[in-house]
Amino acid sequence: MAFQKAVKGTALIGGGAIATVFGLSQFSEYRNKHGTFVHVQAAEAVTVPMKNHFPTREQQILALQTTSEFDVLVIGGGATGCGCALDAVTRGLKTALLERDDFSSGTSSRSTKLIHGGVRYLQKAIMKLDFEQYKMVKEALEERANLLEIAPHLSAPLPIMLPVYKWWQLPYYWFGIKLYDLVAGSQCLRSSYVLSKSRALELFPMLRKDKLVGAIVYYDGQHNDARMNLAIALTAARYGAATANYAEVLRLLKRREAGGRQRVCGVRCRDVLTGQEFDVKAKCVINATGPFTDSVRKMDDQEVPNICQPSAGVHIVMPGYYSPGNMGLLDPATSDGRVIFFLPWEKMTIAGTTDSPTDVTSHPIPTEEDINFILNEVRNYLSADVEVRRGDVLAAWSGIRPLVTDPNSKDTQSISRSHVVTISDSGLVTIAGGKWTTYRAMAQDTIDAAIQEHNLKAGSSKTIGLQLQGAQDWSPTLYIRLVQDYGLESEVAQHLASTYGDKAFEVAKIAQVTGKRWPIVGKRLVSEFPYIEAEVVYGVKEYARTAVDMISRRTRLAFLNVQAAEEALPRIIDIMGKELNWSEQKKKEELEAAKKFLYYEMGYKVKSDQLTDSSEISLVPSDIERYKKRFHMFDKDKKGFITILDVQRVLESISVQIAENTLHDILNEVDLNKNGQVELNEFLQLMSAIQKGHVSGSRLAVLMKTAEENLRRRAVIPVDRSGGGL
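Residue 573 in full-length UniProt numbering sits at position 573 of the sequence shown, with consecutive numbering throughout.
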């Protein structure tokens, strides 16, 4: 076994020479082709005027209805679709985009949040001498540099640690990571380096110590994926693209040419919000629908074989204390051969991903099996001092990767990790596969193919170095101006600057006065996150039309903490209701839909399933007696259950006040049969689940323990124990 590993290491080093040649030649070619990324040059190359503000959704719908014919019509509002719209419109093409849900509502908002070339793909390229795989990594590294440049407020370099537990792995991984730097060439973010065991533990104190040899740190990029997707869409809109979310394509329109051949010439679509149907005509229609690629291809030709091979990837979010604030972790070889990332993100910790075949659905659901797989892998790398608890999973989601087989390849069964552009006999252009990082290159290849196929008059792509919405006047110190000029909390100001870039001032201007000495403006939606009410108002301007849009893609609350998102929903819906003139019935529907989204798609169900009617009580007798005594401090009448009145009575005795609606929410978290009371058995199930780590952060458990301790301290001390007295 050791010999095989040594051979692999030798093969990698031997292949390194080939990679070096590839890297140097490709680097030279890249420098000759692109030069450096310069914002001014990119902006000057675009002759299309940019509007100061993006149009309203109503104006966009009107443009779709009244424009006689577009040059390009894109179906799909994910990263690739919006990238295609931006590429086309900046070349001077009359462009439209339709998305049946919200921008980034699918895979593009459910990624690992990395902007990367793919260390594992480079390893495969070298081990198998696969030049195509190498080119994919090279392209991704170039695009990584561009993306960090054009949206610096939404992205940043992130150091990622690769811990090493066997001596022979140190040179093996070091050489591979150095090749990764080399392939990146001048676009290498920062040079990788080796750490001793002590230094690795200093930087990542949660790391498992035993058998640790050292670590290697390399750099990739990280971003706010949904906000990045939205920035691309808003930039396209400001350049004149007619983009609309909640606009569903019902069927393709076709015309018969002189030779009898049918050609796609537009779509019949429906405004999901109003139900109105209308035609949108276009010289070229582009299918950029990710996992739904085949459903649009079958609108064109029912007999066409499927090319999409959907794969589900689950991620979980845990509290920020599980990882350092600015250091990620890579597990290069999990128990089943997959790769797991463990990364700081938005002051939380994100872990994933899994990789398993799935059916295509608009509502993928994370499973308990996948969540536990990730937790077990995390346990393998963290110190025994850190108890990795199931109850610390604050959110979980599943995203569908649209892996594809190339229909133009001789081996149609082989899954391509790169992207594929195909054109049907009727002229439908399909872009499929690829990865988030390469969205811009995918869009460029797609529009190039569309121009050639449909004889469109346009120049070359203008999107390299083209800054996205919010980037133009952003600087790392912009948040200080927000604090000084508007009286925002520093944490809130930093959040606004890193979310909206130079548009953060527009949000700050509409922020409400708090009535406090500090902060002067900026009412938070929930206390532990820096999202403020003004963002809801601004989010409506950014085309948010449902409460789900707001909690998952304008803010990222649903991805960070499902319970906090649920807590914020009533206020979010009230604000959106005023902005969008919702009726009381509409508000109720939005609340129900958002709760359903959190329950199924964001892991609330699997979280709440940790405490059910059938949950096993595995407590030792002494613990059972202790918890019974605590329970009976509240249940004075020996009813066998406690209500809000019981809790209020105890809290009043220790001079603590909690709002009745908050108490209702606290009890409801534990009230399994939803009868408005917490029975003794439910309380014991809760305490058992907490001991096993299945549940954490239970407000009722903390409240009852605190109350018990306060009552004990207030108990009268007997004279015989106090040593007497006067």
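Ideal placement from N, C-alpha and C gives every residue a C-beta, glycine not left out. All values derive from a computational prediction rather than experimental measurement.
query: Cβ atoms of Met-299 and Pro-348: under 9 Å apart, would you say?
result: In the sequence as displayed, the identity of residue 348 is Met instead of Pro. Against a cut-off of 9 Å, the Cβ pair of Met-299 and Met-348 comes out as no contact.
task: Can you tell me which of the three DSSP states Arg-100 falls into?
output: In this structure, Arg-100 counts as coil in the three-state DSSP scheme.
- request: Just the C-alpha distance for Lys-586 and Lys-509, rounded to the nearest angstrom, thanks.
  value: So the two alpha carbons sit approximately 29 Å from each other.
field: 8 Å contact criterion, which Thr-67 and Ala-247 should meet: CB distance rounded
entry: Not a contact, Cβ separation roughly 14 Å.
- prompt: Touch check for the stretch 446 to 455 and the stretch 148 to 159: three-plus C-beta pairs under 8 Å?
  reply: Judged by Cβ distances under 8 Å, the stretch 446 to 455 makes no contact with the stretch 148 to 159, as fewer than three pairs qualify.
task: Give the DSSP-derived three-state secondary structure of Val-429 in the structure shown.
output: Correct three-state label for Val-429: strand.
message: One question on the structure: do Val-249 and Val-267 come within less than 9 Å of each other, judged by their Cβ atoms?
response: Between Val-249 and Val-267, the C-beta gap is smaller than 9 Å, which places the two residues in contact.
- prompt: Nearest-angstrom Cα distance between residue 728 and Thr-235?
  reply: Look at the range of the chain in this structure, 1 to 726, and you will see that residue 728 is not part of it.
query: Straight-line CA distance for Tyr-543 to Ala-237?
result: Each residue's CA atom was taken as its position, placing Tyr-543 and Ala-237 some 11 Å apart.
field: Limits of the alpha helix (DSSP H) - the one that His-632 falls within
entry: For His-632, the enclosing alpha helix (DSSP H) covers residues 621 to 634.
message: Among the candidates Leu-686, Glu-535, Thr-289, whose CA atom is the shortest distance from the CA of Pro-402?
response: When only C-alpha atoms are compared, the closest one is Thr-289.
message: Within a Cβ cutoff of 8 Å, which residues of the same chain sit near Phe-341, ignoring the five residues on either side of it in sequence?
response: Beyond the five residues adjoining it in sequence on each side, Phe-341 comes within less than 8 Å, by CB distance, of Thr-112, Leu-114, Ile-160, Gly-328, Leu-329, Leu-330, Asp-331, Ile-350, Ala-351, Gly-352, Thr-353 in the same chain, given in chain order.
- prompt: Which one or two residues does DSSP pair with Trp-345 in a beta bridge?
  reply: Under DSSP, Trp-345 takes part in a beta bridge, and its partners are Met-348.
- prompt: Leaving out the 5 sequence neighbours to the left and right, which residues in its chain are closer than 6 Å to Pro-171 when beta-carbon positions are compared?
  reply: For Pro-171, same chain residues with a beta-carbon under 6 Å away, outside a window of 5 residues either side, do not exist.
- request: State the Cα-Cα distance for the pair Asn-376 and Leu-711, rounded to the nearest angstrom.
  value: Their backbone Cα atoms lie some 40 Å apart in a straight line.
- prompt: So, are the CB atoms of Ala-312 and Phe-103 less than 9 Å apart?
  reply: In this structure, Phe-103 does not lie closer than 9 Å to Ala-312 by Cβ.
- request: Could you check if Phe-204 is buried or exposed, using at least 16 other CB atoms within 10 Å of its CB as the buried criterion?
  value: Buried.
query: Going straight from the alpha carbon of Met-127 to that of Arg-556, what length do you get?
result: C-alpha separation (whole angstroms): 39 Å.
- prompt: Cα-Cα, which of Ser-105, Glu-660, Asp-671 is closest to Leu-645?
  reply: Nearest C-alpha to Leu-645: Glu-660.
- request: Would you decide whether Ala-593 is buried or exposed? Buried here means 16 or more other CB atoms lie within 10 Å of its CB.
  value: Residue environment for Ala-593: exposed (fewer than 16 other C-beta atoms within 10 angstroms of its C-beta).
field: Spatial neighbours of Lys-209 in its chain, beta-carbon cut-off 7 Å, leaving aside the 5 residues before and after
entry: The beta carbon of Lys-209 is closer than 7 Å to those of Leu-201, Ser-383 in its chain, skipping five residues each way along the sequence.
task: Count the CB pairs spanning the stretch 93 to 100 and the stretch 114 to 124 that are closer than 8 Å, and state whether there are at least three.
output: Short answer: they don't touch.
message: Let's test the definition: count the other Cβ atoms within 10 Å of the Cβ of Tyr-604 and tell me whether it reaches 16, buried, or not, exposed.
response: With 16 or more Cβ atoms within 10 Å of its Cβ, Tyr-604 is classed as buried.
task: Could you please give me the residues that DSSP links to Val-249 through a beta bridge?
output: Paired residue(s): Cys-269.
task: Could you give the DSSP three-state label for Thr-293: helix, strand or coil?
output: In this structure, Thr-293 counts as helix in the three-state DSSP scheme.
query: What is the DSSP secondary structure of Ala-226, reduced to helix, strand or coil?
result: It is helical.
query: Taking the alpha-carbon positions, what's the Tyr-239 to Ser-295 distance?
result: Answer to the nearest angstrom: the Cα atoms are 30 Å apart.
Completely contained beta strand (DSSP E) runs for the stretch 152 to 221, where each covers 3 or more residues: As far as the stretch 152 to 221 is concerned, its whole beta strand (DSSP E) runs of at least 3 residues are 155 to 164, 193 to 196.
field: Residues near Asp-411 in its chain [Cβ-Cβ closer than 7 Å; skip 5 each side]
entry: Residue placement at Asp-411 is flagged as unreliable, the pLDDT there being 48, under the threshold of 50; a coordinate-derived value is accordingly withheld.
message: Given this structure, state the Cα-to-Cα distance separating Asp-370 from Pro-157, to the nearest angstrom.
response: Rounded to the nearest whole angstrom, the CA to CA distance from Asp-370 to Pro-157 is 28 Å.
query: Any idea if Trp-436 is buried or exposed, counting beta-carbon neighbours within 10 angstroms, 16 or more meaning buried?
result: Trp-436 is buried by the Cβ-count criterion.
message: Taking the alpha carbon of residue 727 as the reference point, which residue from Gln-133, Tyr-321, Gln-222, Ser-426 has its own alpha carbon closest?
response: Beyond the ends of the chain as shown, which are 1 and 726, falls residue 727; an answer cannot be given.
field: Nearest to Val-507 (by Cα), restricted to the options Lys-692, Gly-515, Asp-485
entry: The candidate whose alpha carbon is nearest that of Val-507 is Asp-485.
message: Counting beta carbon pairs with one atom in the stretch 570 to 581 and one in the stretch 353 to 367, are three or more of them shorter than 8 Å?
response: These segments do not touch.
message: Considering only their Cβ atoms, is the gap separating Gly-83 from Glu-99 smaller than 9 Å?
response: Glu-99 is not a Cβ neighbour of Gly-83, given a cutoff of 9 Å.
- request: Compute the distance between the beta-carbons of Asp-225 and Arg-110, then report whether it is under 9 Å.
  value: Contact: yes.
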